[in-house]
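Just so we're aligned, residue 1 is where the sequence shown starts under full-length UniProt numbering, counting upward by one.
Read the structure below first, then the notes.
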Amino acid sequence: IVQKDPKPEPEPVVDKTIKIRANSKPSKARVMSQHTRLVGVPIQESSHIQLASSSRTVSSGQIQLWQFLLELLTDREHRDSIRWVGTEGEFKLNQPEAVAQLWGARKNKPSMNYEKLSRALRYYYDGDMISKVHGKRFVYKFVCDLKQLLGYSAAELSRLVDEGKQYF
């Protein structure tokens with residue numbers, strides 16, 4: 001039995017046609033407003049800031065892979081496993097199996113490995129969230145506008161993590 005959390009109040013829902021792979025039936029997805037902002041005390045006054053829950057989450061409230069990757073990327077503890085590369089939203093899985101194990105632990109899927117994680121990442125390629133950086137092993141890029149989505153660009157997030165700030 002799956003128990004869903006009750007919704008406090010309805011949010012506006014927009015229908016968007018999603019891109020599909022060849023040999024698939026066309027479908028529509030319910031996508032809620034994509035405005036997410038960092039909330040809390042200004043950075044200068046606090047070393048801990050939380051991200052507001054994203055409207056791109058599924059209705060059950062479970063975390064999505066892209067959110068989880070952002071969580072790891074903005075947590076200094078996981079810099080050995082995953083970190084920002086440059087300032088354009090690129091990130092590298094330095095320890096892809098470790099990242100996969102963390103994702104599996106979060107989703108209660110102990111058999112998670114990088115092969116399965118990379119398959120999940122490939123589903124984002126046709127969308128507007130994450131793409132693979134060609135020619136670079138284990139390097140991906142957030143192609144979405146992180147500044148609009150989170151209130152911070154990838155460069156700002158990387159700099160803040162380097163300065164020792166922690167998010168989430």
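The beta carbon of each residue, even a glycine, is placed where N, CA and C say it ideally should be.
May I ask you to report which of helix, strand or coil DSSP gives residue i?
i    : result
S131 : strand
R79  : coil
Q50  : Any reading at Q50 needs caution, since the residue's pLDDT is 43, under 50, leaving its predicted position unreliable; the model's value is listed next. The answer is strand: DSSP assigns Q50 an E or B state.
L157 : helix
K109 : coil
E88  : coil
Return the first residue and the last residue of the alpha helix (DSSP H) that residue i is part of.
i    : result
Y114 : 114–122
K147 : 146–150
E71  : 65–73
Taking C-beta to C-beta, are residue i and residue j nearer than 8 Å?
i    : j    : result
E77  : K141 : no
A154 : T87  : yes
V143 : D128 : yes
K92  : V99  : no
L65  : A120 : yes
L72  : L102 : yes
Can you give me the start and stop residues for the beta strand (DSSP E) that residue i sits inside?
i    : result
V139 : 139–142
Could you check how far apart the C-beta atoms of residue i and residue j are, in whole angstroms? I think they sit under 8 Å.
i   : j    : result
P96 : Y114 : 4 Å
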